[in-house]
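Visitor: Sharing a structure below in structure tokens format, with a few things to ask.
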Amino acid sequence: MKREALISVLMICAVAAVGCATGSATHVSANSTTNEAIADMSDMPGMSGANNSGTTSGDSSELKRIFDEQFFGLETVQADVSHGDYSGAIKVANQLHDQFHAYILPKLTASKGSQFAEEAHSTYDSLQDAIQSHNPEAISSALDKNRSTLTEVMSILGVH
Numbered sequence: 004m005k006r007e008a009l010i011s012v013l014m015i016c017a018v019a020a021v022g023c024a025t026g027s028a029t030h031v032s033a034n035s036t037t038n039e040a041i042a043d044m045s046d047m048p049g050m051s052g053a054n055n056s057g058t059t060s061g062d063s064s065e066l067k068r069i070f071d072e073q074f075f076g077l078e079t080v081q082a083d084v085s086h087g088d089y090s091g092a093i094k095v096a097n098q099l100h101d102q103f104h105a106y107i108l109p110k111l112t113a114s115k116g117s118q119f120a121e122e123a124h125s126t127y128d129s130l131q132d133a134i135q136s137h138n139p140e141a142i143s144s145a146l147d148k149n150r151s152t153l154t155e156v157m158s159i160l161g162v163h
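Residue numbers for the sequence shown follow my numbering, so the first one is 4 and each next one is one higher.
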């Protein structure tokens, strides 16, 4: 149930990202049903689209939610792998990757430049590759690297 709710939330994020990329109006909010499902997932905050323009305190709050979802998603990947559910793990990892692209990467690129942003982005590729290899040690290492990178990026973007 938790994975399905997370997948639903991340799907909404992807739809919101498409809206942002095509110039849609400011914020897209998850519906109350999704927010109720999220509440069952260790009190993970609900998702409401993020604005990819300049950083304001509202954007920081939105980014905080996105980072929380990223960390929760990594925990979900770890749990899936520990149960041998590589299919579920790769689905969540793919959605985390898409969410990173949509909400975090543009702000990181603006802040630190494209080379640094691409290095941070590459941790998602490494995680996906590790999951597809079904190698638990590589997956564990990639999860640790993703967590470390997200923590560093949060600091860079001033998200607390």
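Glycine is no exception: its CB is placed at the ideal position from the N, C-alpha and C atoms.
Near residue 100, which residues of its chain fall below 6 angstroms by C-beta distance, leaving aside the five closest residues on each side in sequence?
Guide: Taken in chain order, the residues that qualify are 127.
Visitor: Let me check understanding here. Comparing Cα to Cα, which of 78, 70, 144 and 155 lies closest to residue 105?
Guide: Per the Cα distances, 70.
Visitor: Starting from residue 105, trace the alpha helix (DSSP H) both ways and give me its first and last residue.
Guide: Where residue 105 is concerned, there is no enclosing alpha helix (DSSP H), given that its DSSP letter is neither H nor E.
Visitor: If you draw a straight line from the alpha carbon of residue 137 to that of residue 95, how long is it in whole angstroms?
Guide: One C-alpha to the other measures close to 15 angstroms.
Visitor: Would you kindly report the start and end of the unbroken alpha helix (DSSP H) that includes residue 163?
Guide: Element bounds for residue 163: n/a, residue is neither H nor E.
Visitor: Can you tell me whether residue 87 is helix, strand or coil according to DSSP?
Guide: Three-state result, residue 87: coil.
Visitor: On the criterion of 16 or more Cβ atoms from any shown chain inside 10 Å, does residue 62 qualify as buried, or is it exposed?
Guide: Classification of residue 62: buried, given that the 10 Å Cβ count is 16 or more.
Visitor: Taking only three categories from DSSP, how would you classify residue 137?
Guide: Three-state DSSP puts residue 137 in coil, outside helix and strand.
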